[in-house]
C-alpha cells in the first residue's frame, strides 16, 4: 500500500468508491481542493495542533452496506464489500484478476459460503474487464487470507500459495485502518458534514471501536469555502487526517 502521506494516495482515498479512472487535475474541483491542501501541508511542513475529537453526537452517516476502494495504485480497480450489520466472524476473501493482480476485489463471506462463488461477481459485473468468470481456484496466502485466482488447484502451488482445505479458519479480523476507512472515510463521502459533525463522528467511532491510541489532525482548516469534512487514514502514525473540501454548488 502506498504511503498514506503521499498526496495521490490521500486523494485516492477520498475518491468516490468503485471509480477506477486515473486521477487527473480538473476533473473534480472538490478533489483538486483536497490535493491543494495536501500539497500545502507537505510544502510548508506546518502541522496544526493535535486535536482529539470530543463529543458524542452520533451522525446518521453510517450505511448498512459500504463499498470501499482500496487499490494499491491510483489506476487499479478494486473494491471491498462489507455488511456492517452482521457479526465479524465472516471470512476475508481476496479475488485476484490474475496471479500478479493488477486489480482485485475483496469480500467477506459466511464460513459456509463458497469463496469461488463470491469471486464470480467482479468478473460478471465487469470490474475485471470480462463478461464472466474463468475457471477459478481457492488458495490461501502466507498471511492467512483466502485468495481466489484464475486457474485450477495446481495454480495455487505455481503461484506460491496453498490449496484451500475444508474447515480452514483464516484470520477474519479487520485491521483498524480498514475499519476506520469503512466507518469514517466512506460515509463522509456521501454527505457534507461540517467540522462539528465530522469531529463528533470520529469521536463516536473511536469510542465505539475502543481505539484509544488513535489521534486526529488537520491537513487544512475549515473556512468559508471549505465546509465539508473528509478524512484519510494513516495507519503508520495511527492518525485520522481531516481535510475540508468545498461544499456542493448552491442553486
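In my numbering, the protein residues as written are 45 to 295. A virtual CB, placed ideally from N, CA and C, is assigned to each residue, including glycine.
Query raised in the report: What does a CB cutoff of less than 8 Å around residue 163 pick up in its chain, not counting 5 residues either side in sequence?
Result: 137, 139, 149, 151, 177, 180 and 192
Query - Own chain, CB closer than 8 Å to residue 266, minus 5 neighbours either side, in chain order - result: 238, 239, 273 and 288
Report task. Return the first residue and the last residue of the beta strand (DSSP E) that residue 274 is part of. Result -> 270 to 278
Query raised in the report: When the distance is taken between beta carbons, is residue 223 closer than 8 Å to residue 253?
Result: yes
Requested in this report: Could you give the DSSP three-state label for residue 191: helix, strand or coil?
Outcome: Of the three classes helix, strand and coil, the one that applies to residue 191 here is strand, per DSSP.
Query raised in the report: Which residue's Cα is closest to the Cα of residue 142: 153, 200 and 157?
Result: 200
Query raised in the report: According to the Cβ coordinates, are residue 284 and residue 236 closer than 8 Å?
Result: no
Query raised in the report: How would you write the range of the alpha helix (DSSP H) that residue 230 sits in, first residue to last?
Result: 230 to 233
Query raised in the report: Between residue 255 and the rest of its own chain, which residues show a CB-CB distance below 7 Å, the 5 nearest in sequence each way excluded?
Result: 220
Query raised in the report: In three-state DSSP terms, what is residue 236?
Result: coil
Report task. Note down the Cα distance separating residue 195 from residue 186, rounded to an integer number of angstroms. Result -> 19 Å
Query raised in the report: If we count the other Cβ atoms within 10 Å of its Cβ and call it buried at 16 or more, is residue 198 buried or exposed?
Result: exposed
Query raised in the report: Is residue 219 helix, strand or coil by DSSP?
Result: coil
Query raised in the report: In whole angstroms, what is the alpha-carbon distance linking residue 319 and residue 165?
Result: Since the displayed the chain opens at 45 and closes at 295, residue 319 lies outside it and no answer follows.
Query raised in the report: How far does the beta strand (DSSP E) with residue 162 in it reach, from first residue to last?
Result: Segment 159 to 162 is the alpha helix (DSSP H) holding residue 162; no beta strand (DSSP E) there.
Query - DSSP state of residue 242 mapped onto helix, strand, coil - result: Note: residue 242 maps to helix in three-state DSSP.
Query raised in the report: Using the beta-carbon count (16 or more within 10 Å), is residue 144 buried or exposed?
Result: exposed
Report task. State buried or exposed for residue 244, treating a residue as buried only when at least 16 other CB atoms are found within 10 Å of its CB. Result -> buried
Report task. Starting from residue 201, follow the alpha helix (DSSP H) in both directions and report where the run begins and ends. Result -> That run of the alpha helix (DSSP H) goes 197 to 202.
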